[in-house]
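Protein sequence lines, in the order shown, are assigned to chains X and U. First residue of the first sequence? That's 0 in numbering that gives the first Met the number 0, and the numbers climb one at a time after it. First residue of the second sequence? That's 0 in numbering that gives the first Met the number 0, and the numbers climb one at a time after it. For glycine and all other residues, C-beta sits at the position ideal for the given N, C-alpha and C. Please read all numbers here as calculations on a predicted model, not as lab measurements.
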Amino acid sequence: MDGNDQTCPKCKTTKYRNPAMILMVNACGHALCESCVELIFAKGSAACPECKCALRRQNFRIQLFEDPAVDKEVDIRKRILKEFNKRQEDFSTLREYNDYLEEVENIIFNLVFDVDSTNTNKMIDNYKKENKDITMKNRNRQSQEEIELEELLEAEKAQQSEKANSYVNAELEEKKQKHKAREKLIDELMFSDADAKSIVASHVQATAALAKEQPKAAAQAGGPVVKSSKFSSGIQIGLRQNTSSFLPIPKQQDLPLFHYSAPVFDYNGPSPPAIEVLGKLKYFANIRAANATERAGGYTEALSCCRALQEAMGGLFYIPQSGHKTAVAASAEETDDMETA
Amino acid sequence: MFATSTQRSFWMFKDENDVSNARLSANIKYISSRGRNMTAEERELHFLNVTEEKILIMSYEYQLRDFCRKFLPPMPRYVIGTALHYLKRFYVNNSVMDYPPKEILVTCVYLACKVEEFNVSMDQFVGNLKGDREKAASIILNNELLLMQQLDYQLTVHNPFRPLEGLMIDMKTRFPTFSDPERLRSGIDEFLEQVFYTDAILIYSPSQISLAAIIHSASTSKENVDEYITKILFSEDQKRLLNLIEAVKKIRVMVRNVQTPHRDVIKALEKKLQLCCNPDNNSESPAFKKRMKQSFDDEESFEDGQYPDANTDQVRSMLMGMSEMGKI
Numbered sequence: 000m001d002g003n004d005q006t007c008p009k010c011k012t013t014k015y016r017n018p019a020m021i022l023m024v025n026a027c028g029h030a031l032c033e034s035c036v037e038l039i040f041a042k043g044s045a046a047c048p049e050c051k052c053a054l055r056r057q058n059f060r061i062q063l064f065e066d067p068a069v070d071k072e073v074d075i076r077k078r079i080l081k082e083f084n085k086r087q088e089d090f091s092t093l094r095e096y097n098d099y100l101e102e103v104e105n106i107i108f109n110l111v112f113d114v115d116s117t118n119t120n121k122m123i124d125n126y127k128k129e130n131k132d133i134t135m136k137n138r139n140r141q142s143q144e145e146i147e148l149e150e151l152l153e154a155e156k157a158q159q160s161e162k163a164n165s166y167v168n169a170e171l172e173e174k175k176q177k178h179k180a181r182e183k184l185i186d187e188l189m190f191s192d193a194d195a196k197s198i199v200a201s202h203v204q205a206t207a208a209l210a211k212e213q214p215k216a217a218a219q220a221g222g223p224v225v226k227s228s229k230f231s232s233g234i235q236i237g238l239r240q241n242t243s244s245f246l247p248i249p250k251q252q253d254l255p256l257f258h259y260s261a262p263v264f265d266y267n268g269p270s271p272p273a274i275e276v277l278g279k280l281k282y283f284a285n286i287r288a289a290n291a292t293e294r295a296g297g298y299t300e301a302l303s304c305c306r307a308l309q310e311a312m313g314g315l316f317y318i319p320q321s322g323h324k325t326a327v328a329a330s331a332e333e334t335d336d337m338e339t340a
Numbered sequence: 000m001f002a003t004s005t006q007r008s009f010w011m012f013k014d015e016n017d018v019s020n021a022r023l024s025a026n027i028k029y030i031s032s033r034g035r036n037m038t039a040e041e042r043e044l045h046f047l048n049v050t051e052e053k054i055l056i057m058s059y060e061y062q063l064r065d066f067c068r069k070f071l072p073p074m075p076r077y078v079i080g081t082a083l084h085y086l087k088r089f090y091v092n093n094s095v096m097d098y099p100p101k102e103i104l105v106t107c108v109y110l111a112c113k114v115e116e117f118n119v120s121m122d123q124f125v126g127n128l129k130g131d132r133e134k135a136a137s138i139i140l141n142n143e144l145l146l147m148q149q150l151d152y153q154l155t156v157h158n159p160f161r162p163l164e165g166l167m168i169d170m171k172t173r174f175p176t177f178s179d180p181e182r183l184r185s186g187i188d189e190f191l192e193q194v195f196y197t198d199a200i201l202i203y204s205p206s207q208i209s210l211a212a213i214i215h216s217a218s219t220s221k222e223n224v225d226e227y228i229t230k231i232l233f234s235e236d237q238k239r240l241l242n243l244i245e246a247v248k249k250i251r252v253m254v255r256n257v258q259t260p261h262r263d264v265i266k267a268l269e270k271k272l273q274l275c276c277n278p279d280n281n282s283e284s285p286a287f288k289k290r291m292k293q294s295f296d297d298e299e300s301f302e303d304g305q306y307p308d309a310n311t312d313q314v315r316s317m318l319m320g321m322s323e324m325g326k327i
């Protein structure tokens, strides 16, 4: 059933002795144990011991199934399905989809049993060429789904581990509590002057009350350090391209309505014409027109025209004043002098 | 825009006197810190005064322009404008004797290229310089932060070139009676070149300067653009018109008074500068080199795990540097 029964065809003995030995299977479907593989490819030349077909180191995969033939087929199937990955949605009728599946099975069968391999390969190449883009699209779709599945799995795992942790923590807590209660009892018996029996009675009552509270607390605490899967605003952490749930709209308090007020620019000069009216005022005749690439990028003559005009008009009313720090400091000193003098 | 820019808020002066005062205070500060034990006459002989400094700066501005003119790849004029702006601003706050103008000059150009998005790599840049390229590269990189600090990190400069284009477009559209304002271009370009050697860029807004350029060029070609200004630009605000006319007049006067300094005068001043300049900042001087070496050695000793205590060379060199400032 397991590795003990299988013999490596090359060294025959080694497999019996070492059940930990791993069989590698090659492209022609025959098995070789790991040490034989190394041996063969250390020598440089490589031919399969059973069927003498040329082999490469890369073509050896670790065997998953007992029967190397099965492994070979699984391998071929994986390879083919990477190319032929259409799904039911890609076909208009069920009949077409089934025909496609049958075709795929035919191809795989031919390749496994080496029937008519040249034709089969030609068919594969043709298919590849015709359906390249659909294949790519499907491939992407698959990877997306894989990612989502993985995330789900991870989230589940995280939840489970948290639950386990919380249980462990709760148990520890209980133990601590019990220990504390016992110590308290002993202390009271030692130091207080009351009657021993009454102390014990009150203690028993206290523990009973605690025991009732424990399950409630455990239910509430449930995961003190939870690795949250959501941000505080409710958005889920991680890639989620097709979230079906929307966030709840927050309750609207009576705030003042937003009122748009356009920003006001102080040009300190005559106001330049707004960008929208530049065309009407025939400014564009005097500026270089945007060529096709520029227009495609979103640039229009209006933009540079408007900017030039704004810069031209801006600052025309400017009156010289001292903004510079030394000048400001000097004028401050002057006023001080004037005040003291 | 200029109206909301730091240029307007922090780097504008009221008039030429204001600018001279600022330069004067920088000059006095330097002299008093370096010439503490000299008499007034000795100081006069040894150090540069404000007018001499001004002449020197102007000669360096000419040098900057020549450097930029020969620059490969060809440098657009707004980069040159920004570089000149930086140079002017730097030497309003600092004395020429304090930092060697040659080094600051190239640093200004390099910084201007970066700020105005005229992409030049360091290798390309120093390829345009004569002499030791690596040394030049290290000079520029060492001074870059200093320059930015002295500019208060306010690096956006508004040059008169775009307002000029705007005014041209406006004239062509709204003032069609004046045929082909493009004729005025060469006069305008000359005027704008000259205006950068004056302090007008620190006093007036760039659109006023470009308007002055247009008016000047028009009057030299015996044309008249007054109608454009009165009827179209300032049709609503007559009082501001007077203000503008005043400004334009002053700008033109300033440009008219630009004098290219004489070579001999420059040479003499440079010689004087060599004597009185601050050796700590002059990369040629032995004191600077020694200081650099000290700090380099100290860095190495840090790597060995030895940390300096109070009496190590670093502190000593700092003290030496400080005492040099009081030395004669």
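Check	Outcome
Return the chain-ordered list of same chain residues with a C-beta closer than 7 Å to the C-beta of X/G221, the five sequence neighbours on each side being excluded.	Model confidence at X/G221 stands at a pLDDT of 47, short of 50, so the residue's coordinates are unreliable; what they give is reported in the following sentence. The residues are S165.
Compute the Euclidean distance between the alpha carbons of U/H157 and U/M0, then round it to the nearest angstrom.	8 Å
Along chain X, which residues have their Cβ under 8 Å away from the Cβ of U/M11?	P319, Q320, S321, G322, H323
Would you kindly work out how many angstroms separate the C-alpha atoms of X/L188 and X/E155, rounded to a whole number?	50 Å
Have a look at X/L63, X/I61, X/F64, X/F40 and flag the residue whose alpha-carbon is nearest the alpha-carbon of X/A53.	X/F40
Suppose contacts are defined by Cβ-Cβ distances below 9 Å. Is U/V125 in contact with U/F174 by that definition?	no
Look at the alpha carbon of U/L154 and the alpha carbon of X/D89, and state the distance between them as a whole number of angstroms.	60 Å
Using a Cβ-Cβ cut-off of less than 7 Å, give me the residues of the region 272–293 of chain X that come near chain U, in sequence order.	L280, K281, Y282, N285, I286
Of all the CB atoms in chain X, is at least one closer than 9 Å to the CB of U/D17?	yes
Hey, how far is the Cα of U/Q397 from the Cα of X/L254?	Look at the range of chain U in this structure, 0 to 327, and you will see that residue 397 of chain U is not part of it.
Out of U/Y59, U/P73, U/V95, which one is the CA nearest neighbour of U/L333?	Residue 333 of chain U cannot be examined here, being either before or after the span of chain U that is shown, 0 to 327.
What distance in whole Å lies between the Cβ atoms of U/A21 and U/V91, which are believed to be in contact at a cut-off of 8 Å?	5 Å
Chain X beta carbons: is any one of them nearer than 9 Å to that of U/I202?	yes
Name, in chain order, the residues that DSSP records as bridge partners for X/V24.	X/A30, X/R60
For the candidate residues X/F190, X/D192, X/K183, X/I146, whose alpha-carbon lies nearest to that of X/V203?	X/K183
At 7 Å on the CB atoms, spell out the chain U contacts of X/N267, in chain order.	A2
Can you name the residues of chain X whose CB is closer than 8 Å to the CB of U/N242?	F316, I318
Could I get the ranges of all uninterrupted alpha helix (DSSP H) runs contained in the region 125–211 of chain U, with 4 residues as the minimum, in chain order?	132–149, 160–173, 184–194
Is there at least one Cβ from chain U nearer than 9 Å to X/L148's Cβ?	no
Which chain U residues are close to X/Q309, counting only those with a beta carbon under 8 Å from its beta carbon?	M0, G165
Tell whether a beta-carbon distance below 9 Å holds between U/I103 and U/N142.	yes
Starting from U/L47, trace the alpha helix (DSSP H) in both directions and tell me its first and last residue.	Run containing U/L47: none; DSSP gives neither H nor E here.
My guess is that X/G314 and X/G278 are in contact by the Cβ rule of under 8 Å, so how many angstroms apart are they, rounded?	Incorrect: roughly 26 Å between the Cβ atoms, too far for contact.
Note down the Cα distance separating U/L240 from X/Y317, rounded to an integer number of angstroms.	11 Å
Step through the CB atoms of chain X and report whether any lies within less than 9 Å of the CB of U/T219.	no
For U/K171, would you say it is in contact with chain X, using Cβ-to-Cβ distances shorter than 9 Å as the test?	yes
Measure the beta-carbon distance from X/C50 to X/C27 and round it to whole angstroms, keeping in mind my assumption that it falls under 8 Å.	5 Å
Quick one: which chain X residues come within Cβ less than 8 Å of U/L210?	L315
Could you work out which residues of chain X lie near U/I250, taking near to mean beta carbons separated by less than 9 Å?	By Cβ distance, chain X contributes nothing, its closest Cβ being about 11 Å from U/I250, past 9 Å.
Compare the beta carbon distance of X/E82 and X/I107 with 9 Å and say whether it is the shorter of the two.	no
Only counting the same chain, and skipping five residues up and downstream in sequence, which positions put a Cβ closer than 7 Å to that of X/Q176?	L209
By Cβ distance, which residues of its chain are closer than 8 Å to U/N127, with the 5 residues on each side in sequence left out?	F66, K69, F70, L71
Taking only beta carbons into account, state which residues of the region 179–190 of chain U come closer than 9 Å to chain X, listed in chain order.	none
Which residues in chain U have a C-beta closer than 9 Å to the C-beta of X/M380? List them in chain order.	Any property of residue 380 of chain X remains undetermined from this structure, which presents chain X solely from 0 to 340.
Quick one: which chain X residues come within Cβ less than 7 Å of U/R239?	F316
Just checking my contact of X/D70 with X/L63 at CB under 8 Å: how many whole Å lie between their CB atoms?	6 Å
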